[in-house]
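Residue 57 in the UniProt record's numbering sits at position 57 of the sequence shown; the count goes up by one each step and never skips.
The structure appears below as structure tokens.
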Amino acid sequence: MSNYTIYHNPRCSKSRETLALLEENGIEPEVILYLENPPSVETLADLANKLELETVHDFIRDKESIYKELDLDELMSDEELLPLMNEYPKLIERPIVVKGDKAIIGRPPENVLALIK
């Protein structure tokens, strides 16, 4: 079992680059294809905590069409957003790499190097 987990979308270039960067550094992370297996509301709240975000909205993809279709905005509470992120995983920013009690969004992919050191 790996000490690292990546919430990965293989169709996303940044997600692929982040996975490759981990592998280049000798890390074989657990790969979670989050579009196929959306994280639970509890897992999403835990990720927000590990990402040290002020609000869940900070890891929502607000340029996605589903964001506009659902008429979401940055003033919505975490309690309102988390179930929507579970139901519509395209809303989740990607990739997210987790090691222990820390997580980083791989945008740019080099961000994850802070978890490796």
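Using N, Cα and C, we set each Cβ at its ideal position, and we do this for glycine too.
If we ignore side chains and look at the alpha-carbon of each, how far apart do residue i and residue j end up?
i, j, result
"residue 35", "residue 104", "18 Å"
"residue 15", "residue 101", "21 Å"
"residue 111", "residue 70", "30 Å"
"residue 96", "residue 60", "12 Å"
"residue 40", "residue 77", "17 Å"
"residue 38", "residue 50", "17 Å"
"residue 44", "residue 86", "8 Å"
"residue 67", "residue 80", "13 Å"
"residue 114", "residue 72", "32 Å"
"residue 18", "residue 88", "23 Å"
Per DSSP, residue i is paired with what?
i, result
"residue 105", "96"
"residue 7", "32 and 96"
Take the Cβ of residue i as the centre, count every other Cβ of all protein chains shown within 10 Å, and call the residue buried at 16 or more, exposed below.
i, result
"residue 11", "exposed"
"residue 42", "exposed"
"residue 82", "buried"
"residue 22", "buried"
"residue 75", "exposed"
"residue 128", "Residue 128 lies beyond the stretch modelled for the chain, which goes from 1 to 117, so this question has no answer here."
Is the separation between the beta-carbon of residue i and that of residue j shorter than 9 Å?
i, j, result
"residue 4", "residue 32", "no"
"residue 20", "residue 108", "no"
"residue 64", "residue 99", "no"
"residue 62", "residue 48", "no"
Could you check whether the Cβ of residue i sits closer than 9 Å to any Cβ belonging to chain D?
i, result
"residue 72", "Judged by its chain identifiers, the structure shown contains no chain D, having just a single protein chain."
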